[in-house]
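Here's the structure, in structure tokens; my notes come after.
As structure tokens, then:
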């Protein structure tokens, strides 16, 4: 406990060792056999369980939980007695939790309220709210959503039509389908099945299964998503409520109004996602930072 | 040669037998060992090679060619001495040719200038201009088109942009593509890459590989075709010129202006064809008869 | 018309040629350009359309229909001027029909009331009632059955239980199924779901898709069929009525009582058909001749 | 070493920390840098290597081995400073071993004498005697069995017949097979190839590859297992000896007499396991607890 | 029978029609309802069964057999009353047989002693001795060979070593194989397992399954063939004896000495055939005409 | 710090525990919460980060880096209080690095300068210079090579010919290819495309994807590698420079002169690697120890 910068109400347990440069907030809990190096910033109300080291370059924001024997590192190509010019930074953002014995590679950012599974080996950035597990870690879900399987669950409209969801303004649509011996056909008309004028389409394909797309909101753009081949999942989030949808048939459309945070993931290898948009492309329409999104939602 | 209704200049060869009810046009050629029943109509300038029987219910329009030993029938479920209530009709339209030893099942229509390959067994209608072979017969091409492989041939635009084709007003488009580690994205904007306002989309999928779709023209509708998964072929025909295109990539678009006869076929099992249209659905927009199409084109 | 053995009421048309050894029944119809060799037996009420040759060794029973340009042969390895020691025999049984331009290889037997499709090339024996098409010809159905798709059609019981069929005594059973995270389980108890004591099971697998199995009835044996993997079709026939069933799920059982003629065909490559039987194996239990089966049924 | 409840002969090494509520048996070994919380029960002769924490809710029975840096946890959804209403319980049963650096998720039970591989991440219950490895951990074998590959190993009967195994009363059977051009057929007759009357069959299918089925014994029921498609493995255990069999062909049957503990696992995706049983279903026949099974075996 | 050029001993049957330009050899047999056009050459001892037409441009060499209703044609793109500038030539070489009702497309050559199956539709040249069936016709075997399955048949050497075959000088070799956990390895040393110095290798791959390669002999070159992936068949022929081999494993080698006619066919899609040769490439080494090969063999 | 055998300049941090039998070199760094048992040898300049135990039987050579919470073990089948007769040895060779929280199973050797990824579970020996990650750990690359994709990268010759590489004497060859409708053919002639006389070929196949082959050099042998099916990677190393090549087409050859260390890995399941060699097999030609190879290179 060599550091002078430890906040009020922070508890440090037995056999812990804190180097003098570390800055630690208030109401934290540092358990037995922990080790805290110098270039470290730890926010308020952080829990660090036994057997954890926080190396130079690792910063933890408020309300982070670090499970027992979680292991950070700060050199991605270590050789004995060869100190890198600068240590890579690892940032764990507000409210994230890291499960027991997980390994966090250097240079990664773990998003707000993300959940790292026990034993996971985190090799790349983790988005806000994502749940990751495995070695290497992959996203398996998002906090606070309940998956809805559009093709099978009774919750999706059986006949052509639309239904409300848990997320403000988001609607799930069953589009018309005409099947005969020559194959199947589905369609949507602008300002009819697709509830806005169509000024643009875009198509996403060849997505590696581990990848996440979307992760942004639009200020004024309306979108309508249809997965024309294969399958993907879409998380829609209005800042308060969140729901996960499986798009797995050309007749299943998902309408996202403006100011909806959207995430697409778990693409099958052969997935083709078509998106119809209410306007031409405008880079200024995008909100790409989740904190900014939350602020804008709060202002409304 | 019992029939009194045989046109001027028609030649009938040795060992042929024509029943009295048959009506045969002028300048025909009926070779050795042919047999013509009563309820038969044969147009002008028809060739019937050796060993062919034309049964009650089989009608041949002008300029038809029937190869040697071609076999028609007029009862799809024959039992000895059980005469059907009425014979099924077979119609071979103007200018069609039937290759040597082909078999034509009863009740079929063979379209104008279609070409039936030698030895083919025709079990269903054959569209105008189609070339069919095999047992059962399948469409392998269309008369007068040169296939153009959109994904490979140098004729398709390499960079984003459009190029003219052999068919009046039809253009082939290479759409923009953005590729990164998260997958690929292509897009089209209305009145920009897609050269008209988009009021409707439709998607065709689950097409059995032997099926043909399209086979019609529109009086005023503009269409833009993109094959988002798998591969299909499109024949475009302005009434005078004809060209065949392979659509095999989400970035390859085909624009069909009004008054273009379009045929889609050779879908792969996994093909998904998206079509953008300039107007809402209107059944009256369709021209479904090729002869009517040719007349309308001629009037313009 | 050199033969003295032609029955009463038989018509022979123009350009036909009958060698003296042929024996032809009454009420037949031999059309133009036919040729009948010597070692030929033709029953009563047989139709032979134009362009057909009946070679030495080909025998046609009563009520056979031979379509135009149908071609028989009697030497499976012909070389010019090398006459085989004996011609192979071809037998077309009572009531069978051969479609236009079909080819019949030497040495084949075509069963009673079988239907050979136009243009088919028949390379092996054809069972009674079978419908065959293609080159080489394959069985595509059976005369007088309506296929019933057990897994999808509403006609199959949805919940566990049994239902009657069109065939006397044959019942279609939906067996209980228990599904949980560890997989699925179905079962049948003797004298309960399986309506007899079980003294034997047998399993059929690795069936080439073109093959037909079964084609027999049992005098006293009860059988219960379940397709445990893949899919096959079963035709059940009580001598008067006939029905075709698709077995495509482990929970779909078909009960065949004694004196039911059964045929299994259209096995998928991976099909595994399990049969439970009410008694140990007894070769004397089998009725393998369809005519004998019909006689025994008639006696009851 | 704050706890008063530490058994005779237990050694506690340097830098270890034991909270006062913990109850620890005799002859244990707690190595350097270990931490033991309050709601903890540790049996006799337990080894806990360096760097391990035993949290509230984790109980270890007698003779358990916990390797170095093994990490337990007791909250499956941790957030900093949000204490769950009750900690989830983890139970490690008698004689189990946990390899170095393994991670054990909260709420799991690890069965008697199970072996957790080094580095494994255990996310679900582990059966008695099972060996698990990987992230997430999967069963890769069972302690004390030698796998016998029924289809290939010379140990399986080549011709039809039965052979003894290492396990009391269990026999491995090669069933008759009849192969011809129409496919293959195998069979078993009750009280003949199947050594008991057959009163019931059941079929297991659609088993996810990671699942284990069986894991029970029957007091009086005889069973005969045949894998009709795909492949699975069966472990048979008479309480003293244990052997593992691969069932991979319809002609390979495994007879399990009463009082045999049976486990089925490593199902291929397409596996179909048929089981014939000597009696109707009776829930009371099952012994589902391995300890109870061992007691009942001992009584005999 | 208008032609003056008909050889001695040739029989012409009823309702046949021969145009004056035809030239027909001696000892032929022209059956009922045949038709022979003008630009036709027919050799000696040719059999033409009923219902066959021989059109302008079709030439038949000595000893050809043409089955009943076999159909030739001489215009590959027929339209009524549009006579091609020149008819395409069809040549049926010495000793070939054409089965009943086969269709021969114009412009094809059918090689010496080839056998065309009944009902086949021949769309491309047929090599000497080949047996073809189907629509379109594919090679299914070669006259006078007995297939030997190298990987399974007991005839192939089990242990490393070579064995003689039915063909002069051709030997079948089992090469050494070393299998361990890291995979398998096989080898051949020049002048040891490979019985000549190696001066060249070549590799054949991506062969469409319908294609035939080889079909030539070498005057002085030694070759050693090994199929390193997939499977293909090789026919070896010394002019007197012929044998067919299946190469389906990297350890199975086939040695072809000089003056061996070799044919490779029935390549699987993934087949890779490696050939080691005793000399550098020399185009003059090839004998590509089977008749020339037979002459050269006879001279030896 | 009970050991008397600790070298000059070695630092030992807080809460560390060193048993008296350990021998530790100079200039080492042993961080907090480490534990060093007795039968341990640690070289000079070794770094051991926090939370690591070095058990009896684990030896670390000079310049090894051991990351935080790395876990060794010395008993592959641990049971509490059952001490093995002898502990298995683990050897980490000169210059190797072990990433954070990795697990090293007992009995493994980690080669010189190998790099073990964070969180990896090492279950088998790791070759010199190899980079491994995952659970279980697999080789993902080699230190100091840049992968060159032979089939796609512009660096490979487009037309037939050879090009130099970064490694002394190693050349990459594009071989001639002849493509026509009958398939593709490539070839190489001895002393021409293959730059030496060919006295032997060997073929490697059925390589499990996790396996590495090669890992040796030859004193005088020349080799030429072509991957005839599938794909594999080859690392060539002259002792100073190293380069990795992808062989993925039959026309891409890699020449390795004598005194080149070669490694082959990342075989696809269907890979077939053919190697042509300049001499017959001679076991004495092999250099199988990388250190010996480096010495021999240095002598030249």
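Chains as they are written, first to last, in our numbering: chain C, 1 to 300; chain P, 1 to 300; chain Z, 1 to 300; chain L, 1 to 300; chain V, 1 to 300; chain F, 1 to 300. We treat Cβ as the ideally placed atom computed from N, Cα and C, and that holds for glycine. Bear in mind that the values here come from a model prediction, so they are computed numbers and not experimental data.
Secondary structure note for residue 170/Z: it is in no alpha helix (DSSP H), with a DSSP letter that is neither H nor E. Separation of the CB atoms of residue 5/C and residue 19/C is rounded to 11 Å, and the pair is thereby denied contact status at 8 Å.
Contact check for residue 171/P against residue 255/P passes: the beta carbons are separated by less than 8 Å. In this structure, residue 44/F sits near residue 26/F, with a CB-CB distance shorter than 8 Å. Interface with chain Z (8 Å Cβ-Cβ cutoff): residue 183/L is included. Three or more Cβ pairs closer than 8 Å define a contact, and the segment 248–266 of chain L meets that threshold against the segment 221–233 of chain L.
Chain-ordered, the chain C residues with CB closer than 7 Å to the CB of residue 47/F read 80 and 81. Proximity of residue 282/V to chain F, defined by a Cβ-Cβ separation below 8 Å, is not satisfied. Beta-bridge partners assigned by DSSP to residue 73/P: none are found.
For residue 105/P, no beta strand (DSSP E) run applies, since DSSP gives it neither H nor E.
When the Cα atoms are used, residue 223/V and residue 257/V turn out to be separated by approximately 6 Å. The beta carbons of residue 281/V and residue 200/V sit about 6 Å from each other, so the pair counts as a contact at 8 Å.
Not flagged as an interface residue toward chain L: residue 8/C, since no C-beta distance is shorter than 8 Å. At a C-beta separation below 7 Å, residue 109/Z has no neighbours in chain L, since its nearest C-beta there lies roughly 17 Å away. For residue 102/Z, the CB contacts under 6 Å within the same chain, skipping 5 residues up- and downstream, are 70, 116 and 120 in chain order.
What residue 254/V touches in chain F, judged by beta-carbon distance under 9 Å, is nothing: the nearest beta carbon there is about 15 Å away.
Proximity of residue 187/Z to chain V, defined by a Cβ-Cβ separation below 8 Å, is not satisfied. For residue 99/Z, no chain V residue has a Cβ inside 8 Å of its Cβ, as the nearest lies near 13 Å away. Judged by DSSP in its simplified three-state form, residue 164/F adopts strand. Residue environment: residue 286/F is assigned as exposed (fewer than 16 neighbouring CB atoms within 10 Å of its CB, all protein chains considered).
The criterion of a C-beta distance shorter than 8 Å is satisfied by residue 39/Z and residue 56/Z.
Less than 8 Å divides the Cβ of residue 225/F from the Cβ of residue 247/F. In this structure, the straight-line span from the alpha carbon of residue 236/V to that of residue 245/V is close to 8 Å. For residue 240/F, no beta strand (DSSP E) encloses it, and the DSSP letter there is neither H nor E.
Inter-residue distance for residue 219/L and residue 136/L is about 35 Å (C-alpha atoms, whole angstroms). Between residue 48/L and residue 34/L, the CB-CB gap stays under 8 Å. Neighbourhood of residue 61/F in chain V, by CB distance below 8 Å: empty, with the nearest CB roughly 26 Å away. Of all alpha-carbon atoms in 17/L, 273/L, 125/L and 167/L, the one lying nearest the alpha-carbon of residue 240/L is that of 167/L. For residue 205/P, a Cβ of chain C is located within less than 8 Å of the residue's own Cβ. Listed along chain P, no residue sits closer than 8 Å to residue 90/V by beta-carbon distance, the nearest being about 11 Å off. Bounds of the beta strand (DSSP E) holding residue 277/Z are 272–277.
At a Cβ-Cβ threshold of 8 Å, residue 32/F and residue 59/F do not count as neighbours. Interface flag for residue 250/L against chain Z is set, since a Cβ pair is found closer than 8 Å. At a cut-off of 8 Å, the C-beta of residue 121/F has a neighbouring C-beta in chain L.
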